[in-house]
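**Q** Going by the UniProt record's numbering, the sequence shown wraps up at 912, each residue one higher than the last.
The C-beta atom is built at its ideal place from N, Cα and C for all residues, glycine as well.
Below is one structure. I have some questions about it.
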Amino acid sequence: MLVSLLTKFFGSANERMVKKYLKVVEKINQLEPIYEAMSEEELKGQTQLFKDRLAKGETLDDILPEAFATAREASKRILGMRPFDVQLVGGIVLHNGIISEMRTGEGKTLVATLPVYLNALTGKGVHLVTINDYLASRDSSWMGRLYNYLGLSVGCIIHGMSDDQRRMAYNSDVTYGTNHEFGFDYLRDNMKFRFGDMVMRPFNYAIVDEVDSILIDEARTPLIISGSAEDSSELYKTINVLIPKLTPEHYEKDEKQRTVTLTEGGIERIEELLREANIIQSDNLYDIHNISVVHHVNQALKAHILFTRDVDYIVKNDKVIIIDEFTGRMMEGRRYSEGLHQALEAKENVTIEMENQTLASITYQNFFRMYPKLSGMTGTAMTEAHEFEEIYKLHTIDIPTNRPVARKDNDDEVYLTADEKYRAMIAQIKECQKKGQPILVGTTSIEKSEMISKLLQAEKIKHQVLNARYHEQEAAIITDAGAPGAITIATNMAGRGTDIKLGGNLEARIAKEIHGLTDEKDIKKAIERATAEIKALEEQVKAAGGLYVIGTERHESRRIDNQLRGRSGRQGDPGESKFYISLQDDLMRIFGSDRLDTMLRRLGVQEGEAISHAWISKALERAQQKVEARNFDIRKHLLRYDDVMNDQRKIIYEQRRDLMQSNDISEMITDMRSDVIESLVHRHIPHDSLIEQWDIEGLENEVHRVFGITIDAKTWANEEGIADAEIIQRIIDAATTHMKSKEEKYGDVMMRTAETNMVLRILDKCWKDHLLTLDQLRQGINLRAYAQGNPLNEYKREAFVLFQNMLDVLREETVSALAHFEIDVPDPSILSQLLNPDMDFDRLEEQTPAWEDPETVQEAEIVSMKEKPRRPHKTGSKAQDASDNPGRIQRNALCPCGSGKKFKHCHGTIDV
């Protein structure tokens, strides 16, 4: 009570922050007449003036009022839009690294231009992150006119661009792109073999549009780049046939946790089926040699029991395409990991692609936390403010609307059964249609949207369906969704980043009317006619009550419900919303109280009667809170484990960057060689041990295996007073002599280049194997809880040991590869050409299979997209004839020795 009294008197923290920013807005408004009076040249020249002031020591906060006033004036002149005061507040919030919650239709796209312009003045680059390629392209083109007018460059990252195009876009002052494009470019950059091939600059500042969708919803799954592992398609097909023979008593399904496990009876039944199919020979499925079969059975069981076609995925063009549960959009190219996608492909009888092995991965949490400054905007963030604060250290501020919200949000109508709910909903649709009121019916899946479409077809009610099957028609459907009497059934994909305008979309109508017209008078008349018609329709719809939003059921997250409601009532427009619920809905069935149905029937609730009671509202709220809390725990759990890997990832990626920027790593190689030799000696000559305990023969064999040299350790051991330190030094001297002779033979340039390339390739191979080991460790670590161990602490401890082991393997494999490195060039004149300082070694490397680890150059199947096959280090240059440059021998040119063979198949052969 005291808190509410103080809040009433002093205002909430949110209100106090908004008032503080409104004082800055007053300064910006005072400057408006000055900037309005400026000529084109004067206004454009402000950008260079601001850069000069920053160079002299002023801060971005110092120039904020003038920069915002400049951007506002440019927006008026170029875009024909003047940012409202609340939009200026939103821009200040974003500049300060805070999340801005702004309602639908409040102009978030325009708001972002203010802090983007200000922060781009530093020359360090600004990233604006959107949720799909369409919005990235649209916004960069639309708002890019403003930035270009003010002298800033704009780039856009979309799927399918080359590295050169991406590098150019990232070097722009402002870069638009999707979250997965930014994330995967970061991972791909850290798989490159030359520093100059990297496309991204160091991170500076990012604004995340629809921040709740990207940092909350999509953060439950990490970004993964994977390469092909093994082909198990036949086994997936075989086991897929067996799963339908199981009955419900053979497995236990937990819908809350989305897990399914075999019961004892189920294990016996599947063992029987597997033996009949001659897949296993033993009686026990869980024998050590059946581990792979167990994996395939578990994934096939998940595919059949937990995943539903047209809800979790669709089948299109011989592919299983995942449906985003939050947006309802197709996720082209993204695949489930650990063989689940292959199991789904077997279930749907489409082509089964090869399984994957992780080559690089990162969570969205750890990716976006790398930005020194981060902010975001969305219409629904306050319900997740706690998570933004805890995970990203981002505060959230609710920005007031430019005009008061006029939408009427009705209480939910709750029914006992789904049939009753749908009957009541259709009655409401008919009533709205009679008044000429447009209706948006929101559903949670493709399956539900098509089922409701059939119900309306049975009633002969004309309507449009918008879901992942018809995503190409999204723009056209949304354009007409605000027309009088229009009925649109849509999954959650409806309207993210777009507005449903009452009466229809004026721009789309004008484009349609003037299509094919060439005479300016005709065009002018068509524009005037379209404008007048849309205005009349808008008034008609407003008189009917505005857009009516119907929710067919509550979503797991309150944010998604609020987003659906937010499609109506933009910029003070009238509107209405109502949710229709039944106790058979998934949310109520899985997370609601088990006693609710029984209690309501005892209270005498009749069939077809809508229920409105505080208990029901509380039950709904509790159910959603349960799911939100569970999803938050999933994300936190994922992050805790990824933080362990993230520390190691930073070390590896930093090491790779240093290697690519170094011209000479011979000192590092020398240290590696000393460490490996010391380890080998201590392995065979324990410290403070007797000579009789020394494994001299084993040491000689190991030194020969690793370094390719022969030592006489038996003679050394007979020397009086010899110690392990002396033996270590003698082996170091012998290995150093061996490497010096190799350097004299091939030259300093060749050896330095070979060292860098060897280390990078072996580092990538070891890191890939380490990721696989960590994945396997992660899968079984929770079993440590049965031994009273903390799984996370156990994971941290073992991951550290595994990382140290990986570094040991890296050192040994690197010095061994360099010790055995040979180039078969018997003609000294050819060798002298190879050692030419201007030699294009990267092209040599590009065409040399013997230098490549075959596992690192597999076709990269990326979990969020699928790329064309390419080598990670490919420069994109085409081989030229040797005559182009007499100082170079191209790999595909004829060998100078006169054999008639290509150089790479003759004297250019490289053996490792």
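From the DSSP output, in three-state form, read off R843 for me.
**A** For R843, the predicted model reports a pLDDT of 34, less than 50, meaning its position is unreliable; a value from the coordinates is still stated below. Of the three classes helix, strand and coil, the one that applies to R843 here is helix, per DSSP.
**Q** Cβ of E389 within 8 Å of Cβ of R559?
**A** Contact: no.
**Q** Mapping DSSP to helix, strand and coil, what is K19?
**A** Reduced to three states, the DSSP call for K19 is helix.
**Q** Have a look at S153, N119 and I158 and flag the residue whose alpha-carbon is nearest the alpha-carbon of L135.
**A** Ranking S153, N119 and I158 by Cα distance to L135 puts I158 first.
**Q** Give the DSSP-derived three-state secondary structure of E353 in the structure shown.
**A** Residue state, collapsed to three classes: coil.
**Q** Tell me which same chain residues have a C-beta within less than 8 Å of the C-beta of S12, skipping the five on either side of it?
**A** Excluding positions up to five away in sequence, the list is empty.
**Q** What does a CB cutoff of less than 6 Å around F841 pick up in its chain, not counting 5 residues either side in sequence?
**A** Confidence at F841 is low in this model, with a pLDDT of 36, below 50, so the placement of that residue is unreliable and no value is reported for it.
**Q** Specify whether the stretch 517-532 and the stretch 158-178 touch according to this definition: at least 3 beta carbon pairs, one from each stretch, less than 8 Å apart.
**A** Contact fails: fewer than three Cβ-Cβ distances are below 8 Å.
**Q** Report the three-state DSSP secondary structure of K373 (helix, strand or coil).
**A** K373 falls in the strand class under three-state DSSP.
**Q** Just verifying my parser: in three-state terms, what is the DSSP assignment at Y580?
**A** Looking at Y580 - three-state DSSP - the assignment turns out to be strand.
**Q** Bridge partners of R72, per DSSP?
**A** For R72, which the question treats as bridged, DSSP gives no partner whatsoever.
**Q** Pop quiz: D173 and Y147 are said to be a contact at Cβ under 8 Å. What is the actual Cβ separation, rounded to whole angstroms?
**A** Right, their Cβ atoms sit about 7 Å apart.
**Q** Secondary structure at residue 979, three-state DSSP: helix, strand or coil?
**A** The first residue shown for the chain is 1 and the last is 912, placing residue 979 beyond what the model contains.
**Q** Measure the alpha-carbon distance for M191 versus G107 and round it to whole angstroms.
**A** Taking the straight line joining both Cα atoms gives about 39 Å.
**Q** Is L114 closer than 8 Å to T47 when the C-beta atoms are compared?
**A** No, they are not a contact pair.
**Q** Contact check, L564 vs G551 under 8 Å by CB: the rounded distance?
**A** With a Cβ gap of about 6 Å, L564 and G551 count as contacting.
**Q** Skipping 5 residues on each side, what residues in its chain have a beta carbon closer than 8 Å to that of E73?
**A** Taken in chain order, the residues that qualify are E32, Y35, E36, M38 and L43.
**Q** What does a CB cutoff of less than 7 Å around N646 pick up in its chain, not counting 5 residues either side in sequence?
**A** Excluding residues within five positions, the ones whose Cβ falls inside 7 Å are N366.
**Q** Using a 10 Å radius around the Cβ and a threshold of 16 neighbouring Cβ atoms, would you call G160 buried or exposed?
**A** By the neighbour-count rule (16 or more Cβ atoms within 10 Å), G160 is not buried but exposed.
**Q** Taking just the CA atoms, how far does K302 sit from E276?
**A** Computed Cα separation, rounded: 22 Å.
**Q** Which parts of the UniProt domain "Helicase ATP-binding" (89-247) are runs of the beta strand (DSSP E), unbroken and 3 residues or longer, counting only runs that do not cross its ends?
**A** Complete beta strand (DSSP E) runs here, min 3: 99-101, 126-130, 154-157, 174-178, 205-209 and 223-228.
**Q** If you count every other CB in all the chains shown that lies within 10 Å of the CB of P65, and 16 or more means buried, which is it?
**A** Flag for P65 reads buried.
**Q** Just reading off the beta strand (DSSP E) that Q571 is part of, what are its end residues?
**A** Segment: none, Q571 is in no beta strand (DSSP E) and carries neither H nor E.
**Q** Assuming the contact rule is C-beta atoms closer than 8 Å, M377 and G90 should be a hit. Round their C-beta distance to whole Å, please.
**A** Going by Cβ atoms, the distance from M377 to G90 rounds to 7 Å, so yes, they are a contact pair.
**Q** Nearer than 7 Å: is that true of the beta carbon of I279 relative to any heavy atom of the ligand SAM?
**A** What this structure holds is no ligand at all, so the ligand SAM is not there to describe.
**Q** Roughly how many angstroms separate the alpha carbons of N718 and R201, rounded to a whole number?
**A** Each residue's alpha carbon lies about 59 Å from the other.
**Q** Closer than 8 Å is the cut-off here; do at least three beta carbon pairs connect the stretch 730-741 with the stretch 697-712?
**A** Contact between the stretch 730-741 and the stretch 697-712 is present, because at least three Cβ pairs lie under 8 Å.
**Q** In the DSSP output, which residue or residues are listed as bridge partners for M331?
**A** Its beta-bridge partners are I322.
**Q** Name the DSSP beta bridge partners of L440, please?
**A** Answer is T488 and V549.
**Q** Which stretch, first to last residue, makes up the beta strand (DSSP E) that contains T259?
**A** That run of the beta strand (DSSP E) goes T259 to L262.
**Q** Would you list, in sequence order, the uninterrupted beta strand (DSSP E) runs of no fewer than 3 residues that lie entirely inside the stretch 607-647?
**A** With a minimum length of 3 residues, no continuous beta strand (DSSP E) run stays inside the stretch 607-647.
**Q** With D775 as the anchor, note down where its alpha helix (DSSP H) starts and where it stops.
**A** Element bounds for D775: D748 to G780.
**Q** Starting from the C-beta of Y313, find all residues in its chain whose C-beta is less than 7 Å away, skip the five residues before and the five after it, and write them out in chain order.
**A** Only F307, V320, I321, I322, I323 and L344 meet the Cβ criterion.
**Q** Can you round the beta-carbon distance between L777 and A799 to whole angstroms, since I take them to be within the 8 Å contact cut?
**A** About 7 Å; that satisfies the 8 Å criterion.
**Q** Whole-angstrom Cβ separation of L547 and L620, contact assumed at under 8 Å?
**A** That belief does not hold up - the Cβ atoms of L547 and L620 are roughly 23 Å apart, past 8 Å.
**Q** Please classify S361: does DSSP put it in a helix, a strand, or coil?
**A** Three-state result, S361: strand.
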